[in-house]
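In the numbering used here, the protein residues as written are 35 to 613.
Ideal placement from N, C-alpha and C gives every residue a C-beta, glycine not left out.
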Amino acid sequence: MIKKLAARIRQYKKHTVLAPVFVAMEVVLEVIIPLLMAYLIDFGINAGNMDYVFKLGIILILLNLVSLSFGALSGKFAAEASAGYARNLRQDMYYKIQDYSFSNIDKFSASSLVTRLTTDVTNVQNAFQMIIRVAIRSPLMLIFSLIMAFGINSRMSLIFICIVPFMGLGLYFIISNAHPIFKRVFKTYDRLNRVVQENLRGIRVVKSFVREDYEKQKFNDVSENIYRDFSRAEKILAFNMPLMQSSMYLCTLLISWLGAKLIVGGSMTTGELTSLLSYSAQILMSLMMLSMVFVMITISKASAERIVEVLDEIPDLKDPENPIYDVKDGSVIFKDVSFSYAKDKSKLALAEVNLDIKSGETVGIIGGTGSSKTTLVQLIPRLYDVTEGAVLVGGRDVRDYDVKALRDEVAMVLQKNTLFSGTIKENLRWGNENASDDEMVHACKLAQADEFVRSFPDGYDTQIEQDGSNVSGGQKQRLCIARALLKKPKILILDDSTSAVDTKTDALIRKAFREEIPHTTKLIIAQRVSSVEDADKIIILDKGKINAVGTHEELLKTNAIYQEVYTSQLKGGSINDEI
Ligand SMILES: Nc1ncnc2c1ncn2[C@@H]1O[C@H](COP(=O)(O)OP(=O)(O)OP(=O)(O)O)[C@@H](O)[C@H]1O
Ligand SMILES: [Mg+2]
Numbered sequence: 035m036i037k038k039l040a041a042r043i044r045q046y047k048k049h050t051v052l053a054p055v056f057v058a059m060e061v062v063l064e065v066i067i068p069l070l071m072a073y074l075i076d077f078g079i080n081a082g083n084m085d086y087v088f089k090l091g092i093i094l095i096l097l098n099l100v101s102l103s104f105g106a107l108s109g110k111f112a113a114e115a116s117a118g119y120a121r122n123l124r125q126d127m128y129y130k131i132q133d134y135s136f137s138n139i140d141k142f143s144a145s146s147l148v149t150r151l152t153t154d155v156t157n158v159q160n161a162f163q164m165i166i167r168v169a170i171r172s173p174l175m176l177i178f179s180l181i182m183a184f185g186i187n188s189r190m191s192l193i194f195i196c197i198v199p200f201m202g203l204g205l206y207f208i209i210s211n212a213h214p215i216f217k218r219v220f221k222t223y224d225r226l227n228r229v230v231q232e233n234l235r236g237i238r239v240v241k242s243f244v245r246e247d248y249e250k251q252k253f254n255d256v257s258e259n260i261y262r263d264f265s266r267a268e269k270i271l272a273f274n275m276p277l278m279q280s281s282m283y284l285c286t287l288l289i290s291w292l293g294a295k296l297i298v299g300g301s302m303t304t305g306e307l308t309s310l311l312s313y314s315a316q317i318l319m320s321l322m323m324l325s326m327v328f329v330m331i332t333i334s335k336a337s338a339e340r341i342v343e344v345l346d347e348i349p350d351l352k353d354p355e356n357p358i359y360d361v362k363d364g365s366v367i368f369k370d371v372s373f374s375y376a377k378d379k380s381k382l383a384l385a386e387v388n389l390d391i392k393s394g395e396t397v398g399i400i401g402g403t404g405s406s407k408t409t410l411v412q413l414i415p416r417l418y419d420v421t422e423g424a425v426l427v428g429g430r431d432v433r434d435y436d437v438k439a440l441r442d443e444v445a446m447v448l449q450k451n452t453l454f455s456g457t458i459k460e461n462l463r464w465g466n467e468n469a470s471d472d473e474m475v476h477a478c479k480l481a482q483a484d485e486f487v488r489s490f491p492d493g494y495d496t497q498i499e500q501d502g503s504n505v506s507g508g509q510k511q512r513l514c515i516a517r518a519l520l521k522k523p524k525i526l527i528l529d530d531s532t533s534a535v536d537t538k539t540d541a542l543i544r545k546a547f548r549e550e551i552p553h554t555t556k557l558i559i560a561q562r563v564s565s566v567e568d569a570d571k572i573i574i575l576d577k578g579k580i581n582a583v584g585t586h587e588e589l590l591k592t593n594a595i596y597q598e599v600y601t602s603q604l605k606g607g608s609i610n611d612e613i
């Protein structure tokens, strides 16, 4: 894990090395200063040699200044290194996520990815900064100060040796209790993010169902959980301070008491006592800092693990070694295809599907909700890979194509579609960034969108809000169709894409498709029989299996499901008519 994290330092290697180097130099100076202070007191002040005091005083001031600037420099490098490191981490994670397939994203969930990109990266950034500064400074300081203290008076220095294990034990207790809680907290963070994200995205639904109180309760529960866990963990960590401080006071007390005795006995000078006290402060301070580093590492270890998980995830869909870039035509063949979201053959969403769709055909797909219509068509642009069997486009297995080349030729208007914030033009250009204005208007005309777009005061430059919240459901669907048409694909898949469009406009769209893009294979998933009745063939899906394939007339004669759907819609879907 450490190797993987360290690999992301990249261009900040220099900073990462310089920060500890300057810290080390700062430490050396800080250790020398108390020694010189001892000389100043013993040979200068006590001996009444003012000239010596003056000279050494100036040296001390200079050394202090130099040590301060070393400290500042190391701080600057550490800050730059850690901020840059965090940026690299975030970038690598983000790029990796862009390579994720639908199934990879299903595995993590969007909210968890958001926490990992933000909170977790910040934790690791803080820990990194601490490691290259404090984690170098404290042990060095500890060692140097101990050596110096022993040099001055070895018997008195034994005090430190007695106190350190006591502190170490306390620290071990604190950390081993806090780590599991922190691990849990980050999971709860994921939940908090999910609750907030869901609420904000679905705020209209929340309001229309008057579910604000329920949502508030849900939020409070998660928020309360985080509060409880954090305060529990912090309470444990809070023991750190009193532990360190009581050790510090105990040390000072013992040194002063013993030191006073030794001075009176004549075996120690005042200067030696002063510097010993300084060293004791430095020793304990560095122990305290070291304990804080441990705490920080405890917190960030959980985060680091979560980051590495994202970086280590292998994208499910990979381009083949020698990809094909050219999709010959718009034919689609399913050969004994089975598919499971969980990659578990006992939980198949699609089973034994065989299909043969010729280039340029119009195919309707009908089936109850959950009958796997979406699942079926998602396999064509390779949004998911088949579990068994093969899907062929243009005569070749979809897994042999370059994914981008394939998806450029297979345009899919998703059932849960999104427009992005930006102008209508910008949104349309997702389909083809080089599309001319004429092409855009043409695509919109086909999708019956041109008319309403022109009716907006800003026309094609109208600003679309996030999620397309300022256009109607049917308008949004038509813009999404136009966006897909701009790709000029060989295969066009509409997944329930005209459900919010009135029947007349729906018919106009189909007419335009028939007349203007006759060579494009069109797969149309629909709830309404009228949307598919003029198709070359209609596929009836039932519980993940193909129930029948035929034309409207054939199915109407032979297929029970189709007859049922047809009659219920003919009667306007009214329940009363059935009685
Ligand atoms: N990402 C997913 N992960 C796991 N299971 C899924 C996923 N998407 C769909 N399913 C399951 O697969 C089955 C088929 O779903 P699918 O979305 O293909 O149905 P559908 O026919 O398109 O339904 P609808 O008419 O409501 O759109 C359902 O049982 C659903 O629960
Ligand atoms: Mg669906």
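Item	Value
Simplified DSSP assignment, three categories, for Ala469	coil
Bridge partners - Gln482, DSSP secondary structure assignment	Answer is none; Gln482 lacks a bridge partner.
Leu52, DSSP secondary structure in three states	helix
Cβ shell of Gly607 (< 7 Å), same chain only, five flanking positions each side left out	At Gly607, the pLDDT of 41 sits below 50, so the modelled position is not reliable; the number obtained from the coordinates is stated separately. Once the five neighbours on either side are set aside, Gly607 has no close Cβ partner at all.
Closer than 7 Å: residues whose CB approaches a heavy atom of ligand 2	Lys407, Thr408, Gln449, Asp529, Asp530, Ile559
Euclidean distance between Cα positions of Glu485 and Lys479	8 Å
Reduced DSSP secondary structure (H/G/I, E/B, other) of Asp419	coil
Delimiting residues of the alpha helix (DSSP H) encompassing Leu384	Segment 384-391 is the beta strand (DSSP E) holding Leu384; no alpha helix (DSSP H) there.
Cβ-based burial, Asn610 [other Cβ within 10 Å; buried from 16]	Its pLDDT being 42, under 50, Asn610 is placed unreliably in this model, and the value from its coordinates should be taken loosely. The residue in question, Asn610, is exposed, as its Cβ has fewer than 16 Cβ neighbours within 10 Å.
Of the residues Asn233, Val100, Asp360, Gly305, the one placed nearest Asn80, counting alpha carbons only	Gly305
Inter-residue CB distance, Tyr359 and Phe136 (contact presumed, cutoff 8 Å)	Not confirmed; about 23 Å, so no contact.
Ala518 vs Ala445 beta-carbon contact at 9 Å	yes
Boundaries (first-last residue) of the alpha helix (DSSP H) holding Asp378	Careful: Asp378 lies outside any alpha helix (DSSP H) and carries neither H nor E.
Own chain residues within Cβ distance below 7 Å of Ile613, not counting five before or after	Per-residue confidence for Ile613 stands at a pLDDT of 37, beneath the threshold of 50, marking its modelled position as unreliable; the derived number appears in the next sentence. There are no such residues.
Continuous beta strand (DSSP E) stretch holding Ala445: start and end	444-447
Classification of Gln603 by the beta-carbon crowding that lies within 10 angstroms, buried from 16 upward	exposed
Segment contact flag, the segment 422-440 with the segment 347-355, C-beta cutoff 8 Å, min 3 pairs	yes
Status (buried if at least 16 other CB within 10 Å, exposed otherwise) for Gln279	exposed
Range of the contiguous alpha helix (DSSP H) that encloses Ala534	Looking at the DSSP string, Ala534 is not in any alpha helix (DSSP H), and its letter there is neither H nor E.
Per-residue DSSP class, three states only, for Thr303	coil
Simplified DSSP assignment, three categories, for Ile177	helix
CB-CB length for Asp529 against Gln449, believed under 8 Å	4 Å
Contact test: Gln561 Cβ vs ligand 1 heavy atom, cutoff 8 Å	yes
Residues that Ile131 bridges to, as DSSP identifies them	According to DSSP, which records beta bridges pairwise, Ile131 is partnered with nothing at all.
Distance CB(Ala183)-CB(Ile317) smaller than 9 Å	yes
Within 9 Å, strictly: CB atoms of Arg225 and Asp126	no
Ala439 vs Leu520 beta-carbon contact at 9 Å	no
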